[in-house]
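Each residue of the sequence shown is one higher than the one before, counting from 1 in UniProt numbering. Positions of the beta carbon are idealized from the N, C-alpha and C atoms, including for glycine. Since the structure comes first, as structure tokens, the remarks are kept for the end.
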Amino acid sequence: MQLYHHPYSVDSQRVRLALEEKGIDYTSHHVNPITAKNMDASFFRINPSAKIPVFQNGAHIMFDTVEIILYIERIAVVSSGADQTSISSREVVEWMHKIQAWKPKFFTLSHVPEKYRHDASKFIRQVVMARMAESPDLASAYHKKLREAYETEDKRKDPEVLERSKEHLVSLLNEVETKLNETTYLAGEEFSMADVMLIPVLARLMLLDLEKQYIASRPSIARYWSLVQQRPSYQNVIGKYFNGWRKYKTLLRTWCFIRFRSLFKRY
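Now the structure itself:
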């Protein structure tokens, strides 16, 4: 099994958490969207949307995060010989889709300093144009990605888009807080794939230094957040990249890559 992913990606974190929790071995391929590695022709041929994660098991290739996680869960059941009660319940699946409905893209961009956001956006557009020239057979697909990049910039500047994203997040967190007032984990007293979907949302808020505003202000979520950070899966998937000083190291490495490549026009 192959997983194309990156530690920055919320959906990649979700899939990796599921793989860790279920003890499934896989081959890891890092594809950094900030440095536009997802625009390389080899990856683009697998997934013209250029989105990550991508999960491949033989000839079977999957792109949807919830579908990938449920597929991993089925593999784990078959591999272990467990009964079908180990499959996520309807409540768990409903929570998974509810959490997936909030897209972190514009919320995240609105909290990234303008200098870094501008340079990364410009670099990605330059990479797309370079790859378009290198792979004429993929020109139409690359042109679509270039158009999407400009549309993203327009939407990012629209205060209504940002406000809707924030309102959606607040509504989701309030609903989660209400649920966690009654249970240890999101769908009951046992850790589930619903928690796998939620943890990266809280990790993103921590990465953006918004933990006090969105997590600490909700006592049940704050308790839950402290609890789930102790899990080995969290440490392997998120903690090793973003806990404490590590997040600055990870971000600095990416920023230096972009600046170096931009300076020497190596796209």
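Distance, Cα to Cα, residue i vs residue j?
| i | j | result |
| --- | --- | --- |
| residue 73 | residue 93 | 12 Å |
| residue 14 | residue 63 | 13 Å |
| residue 137 | residue 47 | 15 Å |
| residue 106 | residue 146 | 17 Å |
| residue 221 | residue 43 | 37 Å |
| residue 173 | residue 12 | 21 Å |
| residue 102 | residue 10 | 11 Å |
| residue 234 | residue 242 | 11 Å |
| residue 246 | residue 252 | 10 Å |
| residue 215 | residue 202 | 7 Å |
| residue 273 | residue 8 | Since the first residue of the chain shown is 1 and the last is 267, residue 273 is not available in this structure. |
| residue 256 | residue 208 | 19 Å |
| residue 258 | residue 80 | 44 Å |
| residue 197 | residue 166 | 18 Å |
| residue 30 | residue 217 | 34 Å |
| residue 139 | residue 45 | 12 Å |
| residue 88 | residue 69 | 10 Å |
With distances taken from CA atoms, which of the options is nearest residue i?
| i | options | result |
| --- | --- | --- |
| residue 16 | 65, 36 and 57 | 65 |
| residue 238 | 38, 154, 253 and 206 | 206 |
| residue 144 | 6, 50 and 10 | 50 |
| residue 124 | 35, 227, 242 and 196 | 35 |
| residue 195 | 178, 135, 225 and 169 | 225 |
| residue 223 | 80, 25, 182 and 24 | 182 |
So who's on the other strand from residue i, going by DSSP bridges?
| i | result |
| --- | --- |
| residue 161 | Answer is none; residue 161 lacks a bridge partner. |
| residue 55 | 3 and 62 |
Which residues mark the beginning and the end of the alpha helix (DSSP H) in which residue i is found?
| i | result |
| --- | --- |
| residue 28 | Careful: residue 28 lies outside any alpha helix (DSSP H), inside the beta strand (DSSP E) at 27-30. |
| residue 96 | 90-100 |
| residue 106 | 105-109 |
| residue 41 | 41-46 |
| residue 15 | 10-22 |
- Task: Counting only runs of 3+ residues fully inside the UniProt domain "GST C-terminal" (118-251), write out the beta strand (DSSP E) ranges in chain order.
- Result: none
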